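Heads up: take any position in the sequence shown, counting from 1, add 569, and you land on my numbering. What follows is a short report on a single structure.
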Amino acid sequence: LNALQTDLGLVEYTKPFQTKTQLDIFCVTAALMMGTAGLPHVITRFYTVPSVRAARYSAGWALLFIALLYTTAPAIATFAKFNLLNTLNGKTLAEVETLDWANKWTETGLLKFEDKNGDGILTFTGVADTTEIVIDRDIIVLSTPEVAQLAPWVIALVAAGGLAAALSTASGLLLAMSSAVSHDIYFRILNPNASEGNRLMVGRGMIFLA
């Protein structure tokens, strides 16, 4: 990937501090560490365990999988960018139109091609004003199996995993938000005499509104 980017006139992919300073990188790293530990839908999971020992075990497993996530994300990004550059850069519009995955993502508007210099060849420059290939970051993970021409079941597995992760996170955040409003605001401040049924109704109402 470094050699490919150098050929395109871009900075090497693995070169550190290209667009951000050391302080920026440190702050981002600290935010990922402390922010993940303080996520409300993560904290609430500790209340579902039967004992303190089980909570410690769950924290250990959580750290393991979070570490795997944060260490594999750069590798996935490398594979994705390498495959995309190899597949699209230097190709003609006619050649790109023969790719089924490219046509599908183009229809969504998340992948765009524009021959700006009129030479009939698509070129990725990494600069918004001159690049002829525009890829939305939201499709990187989902499109990678298709670009790499992996088996359909792998593509389905990635899509299902992304959907499951999104639904799990959304449900956890909704539960944390409804609990905070119904207990911390409604019961503690607005109506200390509220019954458990009333608090439950307020929580359900907040989930519906959200």
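By construction, the Cβ of each residue, glycine as well, lies at the ideal position given by its N, Cα and C atoms. It should be emphasised that the depicted structure is a prediction, and the values quoted were computed from it without experimental measurement.
Length of the line joining the Cα atoms of residue i and residue j
i    : j    : result
E683 : L654 : 16 Å
Q587 : L579 : 11 Å
V727 : T675 : 20 Å
E666 : L657 : 10 Å
T738 : I776 : 14 Å
T605 : A642 : 15 Å
E765 : H752 : 10 Å
G730 : N672 : 23 Å
R625 : G607 : 16 Å
L632 : M603 : 12 Å
L515 : T598 : Any answer about residue 515 is impossible in this case: the structure gives the chain only from 570 up to 779.
L743 : I612 : 13 Å
G772 : E664 : 54 Å
As assigned by DSSP and simplified to three states, the class of residue i
i    : result
K584 : coil
V665 : helix
V618 : coil
G689 : coil
L579 : coil
P761 : coil
Where the alpha helix (DSSP H) through residue i begins and ends
i    : result
K681 : Segment L680 to F682 is the beta strand (DSSP E) holding K681; no alpha helix (DSSP H) there.
I635 : V621 to L657
D593 : Q591 to A606
T613 : Element bounds for T613: n/a, residue is neither H nor E.
I776 : E765 to L778
Beta-carbon spacing of residue i, residue j below 8 Å
i    : j    : result
G689 : L662 : yes
F651 : L573 : yes
H610 : G741 : yes
V723 : I645 : no
V618 : S627 : yes
L570 : T647 : yes
W670 : E715 : yes
I708 : L680 : yes
A763 : F756 : yes
M746 : A725 : no
Residue range of the beta strand (DSSP E) that includes residue i
i    : result
V703 : I702 to I704
Inset, instruction - Report the residue ranges of all beta strand (DSSP E) runs contained in full by the region 691-731; include only those spanning at least 3 residues, in chain order. - result: 702-704
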